[in-house]
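Participant:
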Ligand code: C5J
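Numbering (my numbering), first residue to last: 2 to 226.
#1: What I want to know is whether the C-beta of residue 103 ends up closer than 7 Å to one or more non-hydrogen atoms of the ligand C5J.
#2: What residues match up with residue 80 in a beta bridge as DSSP calls it?
#3: For residue 60, collect the residues of the same chain with a Cβ closer than 7 Å to its Cβ; drop the 5 residues on either side in sequence, then sort them by chain order.
#4: Would residue 181 be called buried (16 or more neighbouring beta carbons within 10 Å of its own) or exposed?
#5: Got a sec: does the ligand C5J put a non-hydrogen atom nearer than 7 Å to the Cβ of residue 35?
#6: Pick out whichever of 148, 208 and 167 has its Cα sitting closest to the Cα of residue 179.
#7: Quick one, which of 72, 175, 189 and 202 has its alpha-carbon nearest residue 154's?
#8: Can you tell which of 87, 24, 129 and 130 has its C-alpha closest to the C-alpha of residue 176?
#9: Assuming residue 111 contacts residue 75 under a Cβ cut-off of 8 Å, what Cβ separation, rounded to an integer in Å, is found between them?
#10: Output needed for residue 193: all residues of its chain with C-beta closer than 8 Å, excluding positions within five of it in sequence on either side, in chain order.
#11: With a floor of 3 residues, list each beta strand (DSSP E) that falls wholly inside the segment 176-201, ordered by position along the chain.
#12: Going by the C-beta, is residue 289 closer than 7 Å to any heavy atom of the ligand C5J?
#13: Runs of 3 residues minimum, wholly inside the segment 148-180: which ones carry the beta strand (DSSP E) assignment?
#14: Rounded C-beta distance between residue 202 and residue 185? I'm assuming under 8 Å.
#15: Any idea if residue 1 is buried or exposed, counting beta-carbon neighbours within 10 angstroms, 16 or more meaning buried?
#16: Under the DSSP definition of a beta bridge, which residues are partnered with residue 106?
Structure, rendered in structure tokens:
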């Protein structure tokens, strides 16, 4: 495993530089309920193909990152089976007839341990990779992600996953406020809504990279090779 040297990735608004020993790949909420046909996302009327286009580029990136032996972290949005960590406001938001905790197409919706809550098989975590169970949209809220990063000396994140404007954006903003740099990969993040995806990326990289950097996974793969 190489953990020394600086790697430079072409990105917007300018090059992103990282040292492998202090940079982790963070894959957000690539869960069956969000991505699979027949899951909660589709049940709400969303077009899951908008998210599924991110699977293949994530697989390529993950394989390259794993081959280097560098840190991989995955998140899952969901709640304890007793729903003790589900704010009542989140439960009722949207006024849908079926909400978090109710029986859904793949078990109880967004409940830890249920089939729909699990990560899709294409990107399934390997032994030794970090899994963060988060009750909110941001991966730092009510989790031990910050402690894990501090303890392992991680200062930068390459961020992928879903959805661009919700959990990806919230996590990148939380990371920014904690002093971390984030590089978001435009082809490895996705939204059910293409205009929200574009806006979500723009919000990160505008104003000199107010929340972070944006690039295509090809640029990272080129830098790794
Ligand atoms: C949403 C997420 N969209 N992972 N979750 O509710 O972005």
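Backbone N, C-alpha and C define an ideal beta-carbon position, used for all residues, glycine too.
Facilitator: The answer reads as follows:
#1: As a position in the chain shown, residue 103 is number 102, starting the count at 1. Every heavy atom of the ligand C5J is 7 Å or more from the Cβ of residue 103, so no.
#2: Locating residue 80 in the chain shown gives position 79, where the first residue counts as 1. In the DSSP output, where bridge partners are listed per residue, residue 80 has 112.
#3: Taking the chain shown and counting its residues from 1, the one referred to as residue 60 is at position 59. Closer than 7 Å at Cβ, skipping near neighbours: 123 and 124.
#4: Walking along the chain shown from the start, residue 181 turns up at place 180. Buried, since its Cβ has 16 or more Cβ neighbours within 10 Å.
#5: As a first step, residue 35 must be located in the chain shown, where it is residue number 34. Within the cutoff, so yes.
#6: Along the chain shown, one-based indexing puts residue 179 at 178. Residue 179 has its Cα closest to that of 148, out of 148, 208 and 167.
#7: As a first step, residue 154 must be located in the chain shown, where it is residue number 153. Comparing Cα-Cα distances from residue 154 to each of 72, 175, 189 and 202, the minimum goes to 72.
#8: One-based indexing of the chain shown puts residue 176 at position 175. Cα-wise, what sits closest to residue 176 is 24.
#9: The sequence position of residue 111 within the chain shown is 110, counting from 1. The sequence position of residue 75 within the chain shown is 74, counting from 1. In fact, because the Cβ distance is near 16 Å, the residues do not count as touching under 8 Å.
#10: For the purposes of this step, residue 193 is identified with residue 192 of the chain shown, where counting begins at 1. Excluding positions up to five away in sequence, the list reads 42, 47, 48, 49, 51, 52 and 164.
#11: 182-191
#12: This structure cannot settle anything about residue 289, because the visible part of the chain is limited to 2 through 226.
#13: 157-163
#14: Numbered from its first residue, the chain shown carries residue 202 at position 201. Numbered from its first residue, the chain shown carries residue 185 at position 184. Right, their Cβ atoms sit about 7 Å apart.
#15: Any property of residue 1 remains undetermined from this structure, which presents the chain solely from 2 to 226.
#16: Against the chain shown, residue 106 aligns to sequence position 105. According to DSSP, residue 106 bridges with 108.
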